[in-house]
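No gaps in the numbering here: position 298 of the sequence shown is 298 in UniProt numbering, and each next residue is one more.
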Amino acid sequence: MDRLDDMLAFIKVVDTKSFTAAADRLNLSKSVVSRRIGELENRLGARLLNRTTRKLSLTEVGQAYYERCTRILADLEEAEQAVADLHAAPRGRLRLNAPVSFGIMHLAPAVAEFLERYPAIEIDMDLNDRTVDLVDEGYDLAVRIGRLRDSSLIARRLAPARMALCASPAYLQKHGVPQTPDELSGHACLIYTNVPTPDLWPFIVDGEMRSVRVTGPIRSNNGDLLREAAASGVGFIMSPTFLCGQALARGELVSVLHRHVPSEVSVNAVYPQNRHLSPKVRVFVDFLVQRFGPRPYWDCALHDAFPEEYGPQD
């Protein structure tokens, strides 16, 4: 404790640029603060402060020691706060960002159940399909789908996000079922434009990734619109199952070429690299992991249709 007290006295002297002001902040006498700094310098065997009658300044060694002491005391404060948070009831406003379709279809009902469990938490949910800056825009966390590019964020996987190539039974009956990805060049494909290469659909052929160029009568940045158009018989969509899973379960869409569709990406919760996670964020992320899980409900149709690939739904 003596070392921590000495560090704190040193930091206060540097911050206030005065022994007298530091003593007032610490509720100590000036002589006690001066003695602690002297003992600190003696123990370290180095001068930390240049003292004149008019001002104080840090030596080169003092500057380096000041930076380390600041981090050590900040770590101690964060550790104590983290323990306090673990015992505190989650409460307060939670600012959340999520993609539009996933937010409406899956987060909205999840949030309703969550708020029943944690009535002291308020949810401020912003839905859009752009990648927001969590720190600059003041979000506590975001739900993101796909491969994550921002390594400055902490990510926790909530569920798989499988892809499915789908068309309506009426379309398949009229135009036939493609047997290979290359045959899609002769079919109407509904193109989602909010990706880097919307006209190139990826497939696995002979164990290797290949892109097939597709064309079709509708292009849109909204997956719900394309799903409804596909269910109406307009053409094929390449869609995440969280978006088309209900239509597959109802028989409005049929999944084809499932062995050629690339492996899943993830639905993730991401949040800034704070030194500790606030209780409201922690319990919300834990809740979503439990609700969605490794075999989410929106994949039930794939599990039922292709048990040899995905296994039976629990």
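Quick reminder that beta carbons are idealized off the backbone N, C-alpha and C, glycines included.
Where residue i sits in the DSSP three-state scheme
i: Y192; result: strand
i: P160; result: strand
i: P294; result: coil
i: Y139; result: coil
i: L127; result: strand
i: D314; result: Because D314 sits at a pLDDT of 48, beneath the cut-off of 50, its placement in the model cannot be relied upon, and the following sentence gives the value as read from the coordinates. Three-state DSSP puts D314 in coil, outside helix and strand.
i: R282; result: helix
i: R218; result: What sits at residue 218 in the sequence shown is Ile, not Arg. Reduced to three states, the DSSP call for I218 is coil.
i: S101; result: helix
i: V177; result: coil
i: R93; result: strand
i: L225; result: helix
i: P119; result: coil
i: S211; result: strand
i: R68; result: helix
i: Q273; result: coil
i: A305; result: helix
i: V61; result: helix
i: P198; result: coil
i: L153; result: strand
i: V234; result: coil
i: V132; result: coil
i: L288; result: helix
i: L165; result: strand
i: D299; result: helix
Contact belief for residue i with residue j at Cβ below 8 Å, rounded distance in angstroms
i: I123; j: L94; result: 6 Å
i: M125; j: L107; result: 7 Å
i: G233; j: A170; result: 4 Å
i: A230; j: A167; result: 6 Å
i: I121; j: G92; result: 7 Å
i: D299; j: R162; result: 6 Å
i: S101; j: L243; result: 6 Å
i: F292; j: L127; result: F292 to L127, Cβ: 17 Å. No contact.
i: S185; j: Q273; result: So it is not a contact: roughly 45 Å between Cβ atoms.
i: R213; j: D199; result: 6 Å
i: P160; j: L257; result: At roughly 19 Å, the Cβ-Cβ gap does not stay under 8 Å, so P160 and L257 are not in contact.
i: V33; j: A22; result: 5 Å
i: L96; j: N268; result: Rounded, the Cβ-Cβ distance is 13 Å, inconsistent with contact.
Proximity to residue i [Cα-Cα], best of the options
i: I154; options: V143, M163, G223; result: V143
i: D286; options: C244, L48, P90; result: P90
i: I237; options: L243, Q246, R227, G245; result: R227
i: residue 338; options: A301, Y66, L48, R219; result: The first residue shown for the chain is 1 and the last is 314, placing residue 338 beyond what the model contains.
i: P262; options: F284, R295, S211; result: S211
i: F250; options: D129, N221, D304, T197; result: First, the amino acid is wrong: residue 250 is Arg here, not Phe. Minimum Cα distance to R250 is reached at D304.
i: E39; options: P240, R3, E264, V281; result: R3
i: G45; options: V13, V195, Y65; result: Y65
i: E67; options: D24, V83, L48; result: L48
i: A164; options: A98, E78, Q246; result: Q246
i: L134; options: I37, W201, A98; result: A98
i: C69; options: V14, P119, R35, F114; result: V14
i: R219; options: R54, T197, Q173; result: T197
i: Q173; options: N221, G235, F114, R130; result: G235
i: D206; options: T215, R259, S255, P240; result: R259
i: V281; options: T241, F114, R295, E77; result: F114
i: T16; options: E41, P240, N42, K55; result: K55
i: P294; options: S239, R43, Y271, V265; result: V265
is_contact[residue i, chain B] using C-beta, thresh 8 Å
i: L28; result: Among the chains in the structure shown there is no chain B, since it carries only a single protein chain.
What are the start and end residues of each continuous alpha helix (DSSP H) run of 4 or more residues lying completely inside the UniProt domain "HTH lysR-type" (1-59), in chain order? Scanning the UniProt domain "HTH lysR-type" (1-59) for uninterrupted alpha helix (DSSP H) segments of 4 residues or longer gives 2-16, 19-26, 30-44, listed from N- to C-terminal end.
Touch check for the segment 184-193 and the segment 267-282: three-plus C-beta pairs under 8 Å? In this structure the segment 184-193 does not lie against the segment 267-282, because fewer than three pairs of beta carbons, one per stretch, are closer than 8 Å.
At 4 residues or longer, what runs of the alpha helix (DSSP H) sit wholly inside the segment 240-266? 241-249
When you compare the segment 128-139 with the segment 177-184, are there three or more beta-carbon pairs, one atom per stretch, that lie closer than 8 Å? no
The segment 59-74 in contact with the segment 2-16 per 3-pair CB rule at 8 Å: yes
Counting Cβ pairs closer than 8 Å, one from the segment 25-37 and one from the segment 58-69, do we hit at least three? Touching, no, given that fewer than three Cβ pairs across the two stretches are closer than 8 Å.
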